Structure formats: C-alpha cells, structure tokens
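Participant: Residue numbers (the numbering used here), protein chains in the order written: chain Y, 317 to 589; chain W, 317 to 589.
Here it is in structure tokens:
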C-alpha cells in the first residue's frame with residue numbers, strides 16, 4: 317500500500333491520529349522536502365515518530381518516483397507532505413503512477429494554507445483565485461499574477477498569494493558540470509513579495525490600475541505554529557515589515573469587508589503594534 | 317483556556333495528535349453540530365475520546381456563547397468543529413468574544429472541504445470563489461450563486477459549491493409557539509443541487525448563458541472517509557446521480573483543463589462506472 321499523508325503546517329503533533337498510526341507501521345517513510353517546509357525540522361519529526369525518514373528532494377520525487385513506489389505493492393510505503401497531499405500537482409502525479417502499476421493507495425488529508433489562512437479573520441468564501449509569486453531574476457520578471465489579484469479585487473474578493481521557496485536549486489554554473497552544486501535555500505518574505513508588487517505598480521503607472529501602493533494587505537508567518545504572526549497594513553508599509561523566519565504568505569484584501577472581518581483584523585494592525 | 321479544534325472530515329482518527337491531547341485534558345468539550353457533520357456520529361467520537369461530549373446546536377453556539385466561555389478563564393474548555401475551525405464565521409465570532417473577556421485561546425487547524433476537494437485531481441489554484449447553494453422554498457429561490465459560478469467559468473476557473481444542510485431547524489408553525497418543534501435533518505445531494513442549477517438555466521433561457529446543462533461537473537460524497545465517492549458527468553446527468561449519504565459537494569468545472577487534471581478525472585467518469 318502507498319500512503320500520501322498530510323502533516324499540516326506547524327509541528328510534529330499536527331499529524332492526524334490516523335496518519336501517525338500509518339507512519340508507525342510503514343516499512344519506508346519518505347518526507348517530501350521541496351514544495352514546502354514544516355516550521356519544525358526533520359530531526360524533530362524523526363524523534364516524535366521514533367523512526368528514520370528518507371528525505372525526498374525534487375530529484376527523488378520527480379525522477380525517482382519508481383523507486384518510491386518500487387515495492388509498494390507488497391510493502392507499506394508512505395510519503396509525508398507538508399500541508400495537504402493535494403497541494404502540489406506532483407503528488408497527484410504520484411497517485412496516477414501508483415494506479416497505473418495497480419498499487420493501492422490511501423490519502424490522509426490535513427490542513428493546508430488554503431484553509432488555515434482563515435486565522436486572519438477573513439472569510440474563506442470571499443477569496444478568489446490563489447496566486448503564486450515567484451522570485452524574480454534579472455532576466456525573468458513575470459507579472460501575470462498581478463492581473464489575477466486585480467481581477468479578484470474587481471470581483472470584491474481577497475487574494476491569497478503563496479510565496480516562492482527555493483530548496484536545493486542547482487547553481488546555474490553547476491548545471492553544465494557533472495557534480496551538481498546547490499544554492500542555499502531561500503524563502504520569500506512578505507516584504508520581498510510586497511516589493512515585487514510595488515515594482516509592478518511602478519512599471520504599470522501609465523495604465524489605470526485598480527490596486528496601488530495603498531491597497532490593504534495582510535502578512536502571515538508560520539501559520540498554525542506557536543510563533544504564528546499576522547500583521548495588516550498597506551502594500552507600501554508591508555515592504556518594510558519583518559515577520560521573521562519562513563514560511564510567509566501574503567493576502568491582498570478585497571475592496572469591501574464584512575463588519576466581522578473588520579473587527580477581527582483590528583488586532584493585527586501595524587499601527588497598533 | 318478556550319480551544320477551537322478542527323476534526324477534519326471523516327472519522328474520529330482524523331483529529332490531530334495535538335487536538336486529541338487537548339480533548340483528553342479539557343474540563344468541558346462541546347461538539348458543534350449544525351454547520352457541518354462528520355461522516356461518523358457523535359457516539360463514535362465519545363467512544364474514541366473515552367469521554368462525554370456536549371452537543372452544541374445553533375442556539376447554544378449563537379445565543380449561549382457566554383455559557384460556553386463562562387469559566388474558560390480558569391478551566392480548559394474546547395469546542396470541536398467539523399473541518400477547520402475557520403470554516404464558519406460563527407467560530408470567528410466566538411474567538412472575538414473570548415478576546416473581549418480576556419480569555420486565552422488556541423486554534424488547532426485541520427483539513428476542510430476547501431482543500432480536501434483536491435482529491436478529485438483538479439488543481440486547487442484553479443478554483444475561483446467558493447459558493448453556497450441553499451435549499452429553495454416555494455417563495456424563496458435565490459440564484460445569485462449562478463452568476464458567481466458563471467463568472468469563475470469566464471475566468472477559466474472551477475467552482476466549489478457547498479451544499480446546504482438543515483439541522484435542528486424549527487418548523488414554521490412552532491416559531492410562534494413556546495415549545496419549539498424541529499424538522500428532520502436534511503442534507504442537499506448533488507442531484508438536488510444540479511436540479512436547482514438546471515432550473516436557473518431554464519429560467520434564464522432568454523439570456524445568453526456561459527454555462528448550460530452540458531457543463532462538466534464533479535459530484536463528491538463523504539470526502540476523506542472510507543466510503544468517499546467521486547463522479548464526473550455533465551450537469552443534466554448529475555441531476556440523476558445518487559452518491560448515497562451526506563455530505564455532498566458539487567464542482568462546476570472550468571472550460572479548460574490541465575492535461576494532468578484530464579488524466580486524473582477519467583477514473584471518475586460516469587460513463588466508465
């Protein structure tokens with residue numbers, strides 16, 4: 317049997333009782349470690365499960381999927397995923413491969429940032445399409461996510477922006493060599509995301525924009541963990557906010573708020589803190 | 317301390333390890349039982365926790381909030397919520413009241429239908445605004461959710477439709493009496509939801525509609541439980557589909573699909589089953 321188990325967002329105890337029972341009985345347990353990270357590290361998980369984990373980086377999950385599934389027909393193999401297993405398409409792909417091979421599988425759901433983001437008090441039903449904000453490079457600066465945010469705003473909806481993470485990315489120079497070298501991991505902060513958005517506003521200044529530097533934003537860090545932080549201010553102010561370690565998410569708030577949303581958000585105001 | 321604990325969607329073991337530890341140590345534990353239901357019943361939960369639960373219906377949560385919070389300053393009190401605690405605004409309201417009273421609180425997240433719906437293989441980032449489809453009465457037949465679905469479709473997005481549930485609704489006749497009488501609980505099925513959508517299509521037939529009876533839909537039942545069922549067919553066909561017991565959800569699929577979405581959805585085709 318092949319198990320895909322969601323770990324939630326915070327610490328080792330955010331796994332479900334069902335998920336933990338499966339982890340305990342499995343022959344092999346992989347930890348997917350490149351689409352997202354838990355606020356705690358892998359060592360803490362190993363200690364809590366009292367067993368070794370195999371760290372699954374992008375190469376292993378995307379090219380080595382057959383190794384992961386190899387003997388899942390006879391043995392019990394689990395892949396642990398931060399958040400919910402269906403948060404990344406690569407996991408859907410794994411299930412399809414298991415099906416092709418006639419391997420039975422089970423999914424154990426858990427919270428993901430898509431619903432945990434409700435902790436800021438905004439109603440989950442008032443969010444539009446979720447967008448991802450990628451790290452810009454000198455030569456690659458896409459801005460299509462800005463139009464989606466603007467479109468949500470026009471439709472009276474909030475936008476959850478998932479911020480890029482780079483884990484075990486090969487350096488450009490090493491791509492041509494036999495021995496890969498990797499860049500240090502990096503995780504986009506709300507301030508970095510806000511700066512890229514401000515740059516887009518600046519680039520588009522000749523157009524008539526629906527949102528600008530005064531649009532209300534919410535910065536969230538380490539949602540679901542004990543050190544969770546939430547702050548609300550405008551986009552310009554957000555570019556100077558420091559919420560500490562990863563992971564961060566950014567919300568661009570819609571133009572109209574429900575009175576309960578207003579009341580709840582007040583506690584997170586930058587001016588108050 | 318006041319705890320709001322998500323239970324996930326399926327059976328008692330879908331609670332997190334953290335959540336279970338809190339349930340075990342609390343002085344009083346309420347089970348919120350009107351915005352959603354678990355596939356298993358309250359008795360099964362009590363057996364698993366080895367403790368009594370206080371069933372919290374709408375009256376208790378909305379009018380009796382002070383009773384729930386009464387001594388949460390000194391004692392440990394938990395409210396268990398199906399899915400994630402922030403799925404319903406009434407829970408956000410409870411936290412605000414706790415804050416007003418200076419009562420400390422902690423939220424334990426869990427999966428909700430908003431991310432578990434990924435089990436059908438559609439990418440969660442390709443969903444637009446979530447809508448709720450309410451039970452129509454003879455005199456009250458709102459259809460604003462149809463416009464939201466059509467708007468999502470126009471923006472190349474899928475729509476998750478949450479289907480109405482009626483639990484402990486007083487009968488119209490008893491509203492004027494001292495002694496309340498309640499209607500039997502009812503839970504909207506995918507077929508009932510599809511029929512209401514077809515009716516709206518029929519009513520609007522003079523208009524140029526973006527979606528009609530041929531639009532592709534996905535019906536989901538008891539997501540996250542062992543008896544989970546998923547079926548995909550067009551809206552007309554969905555009005556005849558029977559997915560068994562509650563809870564059901566309906567997805568109206570956007571106009572374009574990613575190849576991986578197409579491949580994953582094939583297994584759920586009505587024609588195949």
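Even glycine gets a Cβ: it sits at the ideal position worked out from N, Cα and C. In this text the structure is predicted, and so the values were computed from the model without any measurement.
#1: Look up residue 501 (chain Y) in the DSSP assignment and say whether it is helix, strand or coil.
#2: Quick check on residue 469 (chain Y) - is its C-beta less than 8 Å from some C-beta in chain W?
#3: Quick check on DSSP: helix, strand or coil for residue 574 (chain Y)?
#4: So if I threshold CB-CB distances at 9 Å, which residues from the stretch 321-336 of chain W count as touching chain Y?
#5: Anything in the stretch 428-440 of chain Y with a Cβ closer than 7 Å to a Cβ of chain W? List those residues in chain order, please.
#6: Give the straight-line distance between the Cα atoms of residue 529 (chain W) and residue 569 (chain W), rounded to the nearest whole angstrom.
#7: Nearest-angstrom Cα distance between residue 480 (chain Y) and residue 459 (chain Y)?
#8: Please state whether DSSP places residue 532 (chain W) in a helix, a strand or coil.
#9: Which value, in whole angstroms, describes the spacing of the CA atoms of residue 337 (chain W) and residue 424 (chain W)?
#10: Could you check what DSSP says for residue 585 (chain Y) in three-state terms: helix, strand or coil?
#11: Residue ranges of each alpha helix (DSSP H) run of no fewer than 4 residues wholly in the stretch 517-563 of chain W, ordered along the chain?
#12: Report yes or no: do the stretch 353-366 of chain Y and the stretch 431-441 of chain Y share at least 3 C-beta pairs separated by less than 8 Å?
#13: Which residues mark the beginning and the end of the alpha helix (DSSP H) in which residue 336 (chain Y) is found?
#14: How many Å lie between residue 506 (chain W) and residue 386 (chain W) at the Cα?
#15: Going by the CB atoms, is the gap between residue 443 (chain W) and residue 473 (chain W) shorter than 8 Å?
#16: Can you give me the Cβ contacts of residue 536 (chain Y) inside the same chain, cut-off strictly under 6 Å, excluding the 5 residues immediately before and after it?
#17: For the putative contact between residue 392 (chain Y) and residue 343 (chain Y), defined by C-beta atoms under 8 Å, what is the C-beta separation to the nearest angstrom?
#18: Just to confirm, is the Cβ distance from residue 448 (chain Y) to residue 399 (chain Y) under 8 Å?
#19: Within 8 Å (strictly less), CB to CB, does residue 408 (chain W) reach chain Y?
#20: Would you give the residue range spanned by the beta strand (DSSP E) that residue 475 (chain W) belongs to?
#21: Exposed or buried, residue 465 (chain Y), counting other C-beta atoms within 10 Å across all chains shown (16 or more means buried)?
#22: Applying a beta-carbon distance threshold of less than 9 Å, which residues of chain W neighbour residue 564 (chain Y)?
#23: Express the C-alpha separation of residue 497 (chain W) and residue 573 (chain W) in angstroms, rounding to a whole number.
#24: Would residue 408 (chain W) and residue 378 (chain W) qualify as a contact pair, given that the criterion is a beta-carbon distance under 8 Å?
#25: Can you check the stretch 336-403 of chain Y for any alpha helix (DSSP H) of at least 4 residues that lies completely inside it and give the ranges in chain order?
#26: Cβ of residue 414 (chain Y) within 8 Å of Cβ of residue 318 (chain Y)?
#27: Tell me whether the beta-carbon of residue 541 (chain Y) lies closer than 8 Å to the beta-carbon of residue 511 (chain Y).
#28: Count the other CB atoms within 10 Å of the CB of residue 426 (chain Y); is the residue buried (16 or more) or exposed (fewer)?
#29: The alpha helix (DSSP H) with residue 411 (chain W) in it runs from where to where?
#30: Hey, residue 395 (chain Y) and residue 411 (chain Y): beta-carbon distance below 8 Å or not?
#31: Judging by CA-CA distance, which residue of W:548, W:563, W:486, W:560 is the nearest neighbour of residue 582 (chain W)?
#32: How about residue 349 (chain Y) and residue 371 (chain Y): do their beta carbons lie closer than 8 Å?
#33: Does DSSP put residue 419 (chain W) in a helix, in a strand, or in coil?
Facilitator: Based on what the coordinates show:
#1: coil
#2: no
#3: coil
#4: 322, 324, 325, 326, 327, 328, 329, 330, 331, 332, 333, 334, 335, 336
#5: 428, 430, 431, 432, 434, 435, 437, 439, 440
#6: 13 Å
#7: 14 Å
#8: strand
#9: 11 Å
#10: strand
#11: 551-554
#12: no
#13: 333-341
#14: 40 Å
#15: yes
#16: 546, 565
#17: 5 Å
#18: no
#19: yes
#20: 475-479
#21: buried
#22: Going along chain W, no residue has its Cβ under 9 Å from residue 564 (chain Y), so there is no contact; the nearest lies around 17 Å.
#23: 48 Å
#24: no
#25: 358-365, 381-385
#26: yes
#27: no
#28: buried
#29: 405-416
#30: no
#31: W:548
#32: yes
#33: coil
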